[in-house]
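Count the sequence shown with UniProt numbering and you get residues 2 to 427, in order.
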Amino acid sequence: PTRSDITHFGAGPAALPTDVLQTAAQALLDFNGTGLGIAEHSHRSELATNIINEAKADLASYLDFPASDYEILLMQAGGTGEFSAAVYNLVGAWVVRQHAAVLSELGSGADEAAVVAVLRERAEKGLKLDYIVTGGWSLKAYQEAVRLLGPEYVNLAADARTINDGKFGKIPDQSTWKLSKDAALVYFCDNETVDGVEFPEFPAVLAPNADGTGPIVVADMSSNILSRRVPVSNYSLLFFGAQKNLGCTGVTVAVIKKSFLPPTTTQPSPALMRKLGLPIPPIMLQYEIIAKNNSLYNTLSIFDVYIAGQVLKKLLKTYPNKVDGQQAVSEKKANIIYSALEAHPEVYRIVPDKAVRSRMNICFRVTKNGNTDDTEKAFLKEATSLGLTGLKGHRSVGGIRASNYNSIPLEGAEKLAKFIEAYAKA
Ligand code: PLP
Numbered sequence: 002p003t004r005s006d007i008t009h010f011g012a013g014p015a016a017l018p019t020d021v022l023q024t025a026a027q028a029l030l031d032f033n034g035t036g037l038g039i040a041e042h043s044h045r046s047e048l049a050t051n052i053i054n055e056a057k058a059d060l061a062s063y064l065d066f067p068a069s070d071y072e073i074l075l076m077q078a079g080g081t082g083e084f085s086a087a088v089y090n091l092v093g094a095w096v097v098r099q100h101a102a103v104l105s106e107l108g109s110g111a112d113e114a115a116v117v118a119v120l121r122e123r124a125e126k127g128l129k130l131d132y133i134v135t136g137g138w139s140l141k142a143y144q145e146a147v148r149l150l151g152p153e154y155v156n157l158a159a160d161a162r163t164i165n166d167g168k169f170g171k172i173p174d175q176s177t178w179k180l181s182k183d184a185a186l187v188y189f190c191d192n193e194t195v196d197g198v199e200f201p202e203f204p205a206v207l208a209p210n211a212d213g214t215g216p217i218v219v220a221d222m223s224s225n226i227l228s229r230r231v232p233v234s235n236y237s238l239l240f241f242g243a244q245k246n247l248g249c250t251g252v253t254v255a256v257i258k259k260s261f262l263p264p265t266t267t268q269p270s271p272a273l274m275r276k277l278g279l280p281i282p283p284i285m286l287q288y289e290i291i292a293k294n295n296s297l298y299n300t301l302s303i304f305d306v307y308i309a310g311q312v313l314k315k316l317l318k319t320y321p322n323k324v325d326g327q328q329a330v331s332e333k334k335a336n337i338i339y340s341a342l343e344a345h346p347e348v349y350r351i352v353p354d355k356a357v358r359s360r361m362n363i364c365f366r367v368t369k370n371g372n373t374d375d376t377e378k379a380f381l382k383e384a385t386s387l388g389l390t391g392l393k394g395h396r397s398v399g400g401i402r403a404s405n406y407n408s409i410p411l412e413g414a415e416k417l418a419k420f421i422e423a424y425a426k427a
């Protein structure tokens with residue numbers, strides 16, 4: 002098959018717009034008539050700096066948040082690396098806050114050992130990281146926090162499996178979340194790629210107070226960023242890998258409130274963290290370092306940033322009302338696919354609860370004559386023969402998953418819906 006024959010519903014890496022790839026292919030050979038390709042130019046060249054700064058500005062413009070309050074970091078850790086980075090950096094910020102409080106209570110002349118003893122006691126009693134687990138990815142983030150810190154510091158504030166026979170597919174009512182007082186962070190995954198569960202809106206229980214104080218909210222938006230409006234000011238940190246809606250694999254974006262960065266907050270010294278028995282981040286995961294160096298502490302893949310930048314420029318050009326325009330299209334495409342599935346309940350079972358089903362990753366099971374395994378195999382085979390590819394569910398849960406990312410055109414969603422209908426009737 003050729004590229005134009007295929008609509009690729011893979012969960013990530015996702016398909017990219019063909020015109021972006023055509024431009025990028027040329028840029029790989031010769032960037033803007035320089036005779037040298039984009040992947041060959043120095044990451045410290047002026048042109049690389051321009052690519053970075055433009056991508057950052059376009060991201061803030063498209064998502065419509067004030068770049069003055071947030072720092073956009075381009076990193077290489079993947080979503081998985083950010084699970085660790087969130088823990089290291091926000092535990093560090095917690096220690097800095099407590100350290101300042103203890104110094105002011107004990108007076109500036111206090112003996113260092115006494116300060117450390119008080120801090121240690123406070124950490125043992127009061128350092129908590131809250132996790133809302135609603136699917137495979139927030140579970141992994143929670144497990145990473147436990148691995149880095151030890152279970153005593155990590156609070157499983159909600160576990161969606163407990164209300165759904167041990168499986169993901171629902172979001173527990175916010176009134177049941179067991180949130181800690183003054184947690185170092187409250188973490189959730191906005192869209193669970195494997196389980197097809199998406200938060201319908203920002204969880205009200207985590208909203209900031211009128212004076213701007215409130216929980217330190219961290220979210221993984223790897224698989225739904227750029228597809229709907231995000232109330233960025235409610236978050237202290239949000240992050241996403243590029244390989245679904247933003248670009249190709251290789252760059253990860255962290256958007257962090259500037260109040261967690263110098264001059265307001267600097268990370269505690271490694272010596273202090275060692276005395277407290279708390280972990281010290283690898284230098285590449287320390288947000289302060291990445292921010293100070295405009296994301297160029299070490300060699301960044303400018304090619305990947307370039308692709309992300311081209312995707313953002315295309316989105317800005319396509320939608321004069323920016324992310325709201327894409328949001329309307331995303332909802333429309335998801336509705337087309339879900340409606341086709343709902344029309345044939347005798348064959349299709351949508352996995353997550355209707356109230357929390359994802360607009361991005363549409364997860365369902367296919368059964369005919371009581372047989373799911375063979376029916377799904379046949380469904381995938383037939384779909385592939387029609388150019389509808391990448392529909393196999395994640396290996397951990399099986400089934401079918403149609404990833405309805407931004408690069409899927411409306412006609413692609415319609416084509417899939419038609420096939421869903423025809424397959425049910427056949
Ligand atoms: N978070 C979510 C929601 C994801 O979908 C994924 C990957 O698919 C990850 C995190 C992990 O990302 P990475 O493979 O870049 O580490």
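Built from N, CA and C at the ideal position, the CB exists for glycine as well.
Delimiting residues of the alpha helix (DSSP H) encompassing residue i
i	result
G242	Unbroken run through G242 is the beta strand (DSSP E), 238 to 242; no alpha helix (DSSP H).
residue 428	Past the boundaries of the shown model lies residue 428; the chain is included only from 2 to 427, so the question cannot be answered.
residue 1	Given that the chain is displayed from residue 2 to residue 427, the structure contains no residue 1 and the question cannot be resolved.
Y63	47 to 64
Y188	No alpha helix (DSSP H) contains Y188, which is instead part of the beta strand (DSSP E) from 186 to 190.
V206	That residue, V206, is in no alpha helix (DSSP H); it is neither H nor E in DSSP.
V233	From DSSP, V233 is part of no alpha helix (DSSP H); its letter is neither H nor E.
N- and C-terminal bounds of the beta strand (DSSP E) containing residue i
i	result
V324	Careful: V324 lies outside any beta strand (DSSP E), inside the alpha helix (DSSP H) at 324 to 343.
D131	130 to 134
V218	218 to 221
E72	71 to 76
S404	401 to 404
Y349	349 to 351
Contact under 8 Å by Cβ, residue i with residue j
i	j	result
D305	C249	yes
S397	G137	yes
P216	A255	no
E21	G170	It should be pointed out that residue 21 corresponds to Val in this sequence rather than to Glu. It is not a contact, given that the beta carbons lie outside the stated cut-off.
A309	L247	yes
A86	A78	yes
L186	P280	no
I53	L29	no
Y424	E377	no
L317	Y143	no
G388	S404	no
K323	D70	no
Y154	L128	yes
L313	A40	no
Any non-hydrogen atom of the ligand PLP within 7 Å of residue i CB
i	result
N192	yes
D221	yes
W138	yes
T81	yes
S296	no
G399	no
G251	no
S302	no
S224	yes
G242	yes
G197	no
G248	no
Per DSSP, cross-strand counterpart(s) of residue i
i	result
T214	Beta-bridge pairing links T214 to no other residue.
T8	L389
D20	Answer is none; D20 lacks a bridge partner.
V198	E193, R358
N246	According to DSSP, N246 bridges with nothing at all.
Residue i versus the options, residue with shortest Cα-Cα distance
i	options	result
Y307	G38, N235, D221, A335	G38
Y188	S408, A146, N33, A68	A146
D65	L227, Y89, L30, G213	L227
K293	I73, Q27, H9	I73
P263	Q311, E332, V97	V97
residue 511	I284, L392, T267	The question about residue 511 has no answer here: the residues shown for the chain are numbered 2 through 427.
G326	N407, D375, A341, G394	N407
R366	I421, Y320, L313, T385	I421
S5	T19, A211, A111, A208	T19
Residue i at chain B interface by Cβ criterion, 8 Å
i	result
F84	Protein chain content of the structure displayed is limited to a single chain, and chain B is not contained in it.
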